[in-house]
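Worksheet for the structure shown next.
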Amino acid sequence: QVQLVQSGVEVKKPGASVKVSCKASGYTFTTYDINWVRQATGQGLEWMGWINPNTGNTGYAQKFQGRVTMTRTNSLSTAFLELTSLKSEDTAVYYCARAVGADSSSFPYWGQGTLVTVSS
Amino acid sequence: QSALTQPASVSGSPGQSITISCTGTSSDVGYYNYVSWYQHHPGKAPKLIISEVSKRPSGVSNRFSGSKSGNTASLTISGLQAEDEADYHCSSYTGSTNLVVFGGGTKLTVL
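Top line first, the protein sequences correspond to chains A and B. Here the first sequence is numbered in the working numbering, starting from 80 and rising by one per residue. Here the second sequence is numbered in the working numbering, starting from 857 and rising by one per residue.
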């Protein structure tokens, strides 16, 4: 069965960077894009971007361009999200998610989430 | 791309039906039939319950149904049950740089 397993809790200071991993199993990793979505406490879900594991091509939400980098290591079936210049407003649970089929914006598969806390 | 607009909260009694709206624009909800709905219990990952406006993934109860009219999509939950109490999020494909836009989420309380 498809599984996405994320790395653990992170606590960072303002201005620092964080890198979250998402290890996929149960399918051929290079077949489907990995998306990243976050949720700050009390807020809605927020789409951050996608990576095509086969080509390495990426697409980032305008809000995060310049601060976000999505990469992958195909030999480990793992995708990574790196966010730099962290601010307190970046405190959130970060999820990786995978689509299936023609609707690339619909995500039936999610990681368990990684809490990133940004605090001095 | 602004977030889609959802009511902050809705409530209903067991057995009743409720509807949650999700309003976008002619560039997202109104243009594409790629609206999804997610059920989200605290501390868990979101669960896809509706895709492509009205399609239910395998295993999702037929008490959940989706529809769309113009720039507004709707999720209806019939025969409310206690376990339906959760946050519900809508999303839409946009075809732009901001490929996916989500709503602000709606908290459903089962009275």
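Backbone N, C-alpha and C fix where the C-beta goes; we use that ideal spot for every residue, glycine too. The model shown is predicted, which means the values in this text are computed figures rather than measured ones.
Chain A contact for residue i (CB, 7 Å cutoff)
i       : result
P898(B) : no
P913(B) : yes
F958(B) : yes
P863(B) : no
L936(B) : no
Y887(B) : no
L931(B) : no
L831(B) : This structure leaves residue 831(B) out entirely; chain B is present only between 857 and 967.
G961(B) : yes
S910(B) : no
Y890(B) : yes
Whether residue i touches residue j by CB criterion (7 Å)
i       : j       : result
V147(A) : L162(A) : yes
G145(A) : G138(A) : no
T950(B) : D884(B) : yes
V116(A) : A176(A) : yes
Q862(B) : G935(B) : no
S185(A) : S914(B) : no
Cβ-heavy atom distance, residue i to the ligand ATP, below 6 Å
i       : result
Q118(A) : As presented, the structure is devoid of all ligands, the ligand ATP included, so that no description of it is given.
8 Å Cβ cut-off: residues of chain B touching residue i
i       : result
W129(A) : L955
Helix, strand or coil at residue i according to DSSP, with G and I counted as helix
i       : result
D943(B) : strand
N114(A) : strand
L124(A) : strand
F920(B) : strand
K166(A) : coil
S974(B) : It is not possible to answer for residue 974(B), since the shown part of chain B is limited to 857 through 967.
A938(B) : helix
F186(A) : coil
V948(B) : Looking at the sequence provided, one finds Ser at residue 948(B) rather than Val. Correct three-state label for S948(B): strand.
Beta carbon proximity, residue i to chain B, threshold 7 Å
i       : result
Q85(A)  : no
Q141(A) : yes
D112(A) : no
Q191(A) : yes
W126(A) : yes
G94(A)  : no
G145(A) : no
Contact set between residue i and chain B, taken where Cβ atoms lie within less than 7 Å
i       : result
L194(A) : The contacting residues do not exist; L194(A) stays about 10 Å from chain B at best.
Listed by chain order, chain A residues near residue i by CB distance under 9 Å
i       : result
W949(B) : In the sequence on display, residue 949(B) carries Tyr and not Trp. Near Y949(B) (Cβ distances below 9 Å), the residues of chain A are D182, S183, S184 and S185.
Per-residue contacts from residue i into chain B (C-beta, under 9 Å)
i       : result
Y174(A) : A901 and P902
Three or more C-beta pairs below 8 Å linking the segment 180-197 of chain A and the segment 959-967 of chain B: no
Contact the segment 864-881 of chain B vs the segment 930-937 of chain B: 3+ CB pairs below 8 Å: yes
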